[in-house]
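Undergrad: Residue numbers (the UniProt record's numbering): 1 to 444.
Note that the Cβ used here is the ideal one computed from N, Cα and C, for glycine as well.
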């Protein structure tokens, strides 16, 4: 019986016994097998008592001499256990005896010793499904386990790295990395990826000329992620930087910044994108390698685009009028805070290359500049200025000036916005009364 068939029978049982157990049957989602992309097993998933439950049948695999794609067959518990990614992940719980069954004979001891090792020789395990490399990294980082040295060595084998890059769909890679970065210890996950030399197998570096390829090769991947670890860790215990500490306001903000940090080495390297024109290599590598959502890709693009502008604005916030500062924040949109944080990250990483020690007085001086900028933003009540509505509509401006509609209206509305930013207590009536002094455009 397949996992989907079992889940269907279970749903039927729950439906027929709803009065007795009061557990409603939920819809079943079937994930088809895809051997070409090393997704060998059909999986069914549903929710029971609020938990996501996967249903799969016990399996064994056999290979023919002329194909790398295994033939899937129903198997015994031991055969199934040996095909798992790690011994600690191959433990069974027998509902009849209420006992844990360890068919690899190493799962319980590995669990006690916090070690991740493969049931079969690691090279064979990773060849069967190279995504297991990332799964072990995720388990190790989230649970603070150690990867067995033989498994770590196999992860670095050229054939395994090639298979991870070519054999596994980018969607599956992206899902694993997302789970890592939303997990408890994202730094440890990225640190393992760096130490194992797997960055090139995960990110999809675009085609570059030889000169730019050298820029991509000769990079230090650790500075960015170490700096983010400090920002999200030790720095948050320091007093006097409340505004800066609050820049990452959600788990997604932190997730996006971790990705951005991983692409920091290529922040000054650009390539041509068919739709976007000149774009940052690291952002494109993350988009293509992890199959990022459009929303996440747009966020990373804006973070990269904003670096120079934010840095320039930070240098002299007191010299900006309220309208200039407000209009600049409006161009950044609702995610202006994470863009400012990305700029801070870039400056702190740049300081590393100049010999400034992480967390030293030099770093805190840089952060103080951002804190002053943010204090000005909040003192001027501009934190949500990106969502500020115009006091007047285009039609109201047109009628007040006695003009016909035209291209001039866009510029006129921006002048209205500038005026209301400099006059934050003004009303619609005030704007209409002063419209002829507010708007100065060529009518057409």
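(1) Can we say the segment 349-359 touches the segment 291-302, given the rule of at least three CB pairs closer than 8 Å?
(2) Are the beta-carbon atoms of residue 163 and residue 121 separated by less than 9 Å?
(3) With a threshold of 8 Å on Cβ separation, who are the neighbours of residue 272 within its own chain once the five nearest residues in sequence on each side are excluded?
(4) Could you give the uninterrupted runs of the alpha helix (DSSP H) lying entirely in the segment 329-413, keeping only those of 4 residues or more?
(5) Is it buried or exposed, residue 347, if we count other Cβ atoms within 10 angstroms and call 16 or more buried?
(6) From the DSSP output, which residues share a beta bridge with residue 52?
(7) What is the DSSP secondary structure of residue 92, reduced to helix, strand or coil?
(8) Let me check one thing: in DSSP terms, what residues is residue 115 bridge-paired to?
(9) If you follow the beta strand (DSSP E) that residue 270 is in, where does it begin and where does it stop?
(10) To the nearest angstrom, report how far apart residue 274 and residue 204 are at their CA atoms.
(11) Just curious, the beta strand (DSSP E) that residue 280 is in, first and last residue?
(12) Over what stretch of residues does the alpha helix (DSSP H) that includes residue 31 continue unbroken?
(13) Is the segment 238-248 touching the segment 171-179, taking contact as three or more C-beta pairs under 8 Å?
(14) Are the CB atoms of residue 147 and residue 198 nearer to each other than 9 Å?
(15) Distance, Cα to Cα, residue 349 vs residue 343?
(16) Output the boundary residues of the alpha helix (DSSP H) element that contains residue 433.
(17) Label residue 391 either buried or exposed according to how many other C-beta atoms from any shown protein chain fall within 10 Å of its C-beta, with 16 as the threshold for buried.
(18) Just list the residues that DSSP pairs residue 102 with in beta bridges.
(19) May I ask you to check if the CB of residue 250 is nearer than 8 Å to at least one heavy atom of the ligand SAH?
TA: In terms of the structure at hand:
(1) With the cut-off at 8 Å, the segment 349-359 and the segment 291-302 do not touch.
(2) On the chain shown, position 163 is the one that residue 163 refers to. On the chain shown, position 121 is the one that residue 121 refers to. No; because the gap between Cβ atoms is not below 9 Å, this pair is not in contact.
(3) As a working mapping, residue 272 is identified with position 272 in the chain shown. Cβ within range, chain order: 278, 279.
(4) 336-353, 361-379, 394-401
(5) One-based indexing of the chain shown puts residue 347 at position 347. Buried.
(6) Here residue 52 is taken as the residue at index 52 of the chain shown, counted from 1. Residue 52 pairs with 47.
(7) Residue 92 sits at position 92 when you count from the first residue of the chain shown. Under the three-state reduction of DSSP output, residue 92 falls in the strand class.
(8) For this step, residue 115 is matched to residue 115 along the chain shown. DSSP, once it has assigned bridges, lists 146 as partnering residue 115.
(9) Here residue 270 is taken as the residue at index 270 of the chain shown, counted from 1. Element bounds for residue 270: 270-273.
(10) Translated into the one-based positions of the chain shown, residue 274 becomes position 274. Translated into the one-based positions of the chain shown, residue 204 becomes position 204. Computed Cα separation, rounded: 16 Å.
(11) Indexing the chain shown from 1 puts residue 280 at position 280. Looking at the DSSP string, the run of the beta strand (DSSP E) that includes residue 280 is 277-280.
(12) Looking up residue 31 in the chain shown gives position 31. Looking at the DSSP string, residue 31 is not in any alpha helix (DSSP H); the run it does join, the beta strand (DSSP E), is 29-31.
(13) no
(14) Taking the chain shown and counting its residues from 1, the one referred to as residue 147 is at position 147. Taking the chain shown and counting its residues from 1, the one referred to as residue 198 is at position 198. Contact flag unset, no.
(15) Counting from 1 along the chain shown, the entry for residue 349 is found at position 349. Counting from 1 along the chain shown, the entry for residue 343 is found at position 343. Distance between the alpha carbons of residue 349 and residue 343: 10 Å.
(16) Your numbering for residue 433 matches position 433 in the chain shown. Taken as a continuous stretch (DSSP letters only), the alpha helix (DSSP H) holding residue 433 covers 428-433.
(17) Within the chain shown, residue 391 is the residue found at index 391, counting from 1. Buried is the call here.
(18) By 1-based counting over the chain shown, the position of residue 102 is 102. The partner list for residue 102 (beta bridge, DSSP) reads 91.
(19) The ligand SAH is not part of this structure, which contains no ligands at all.
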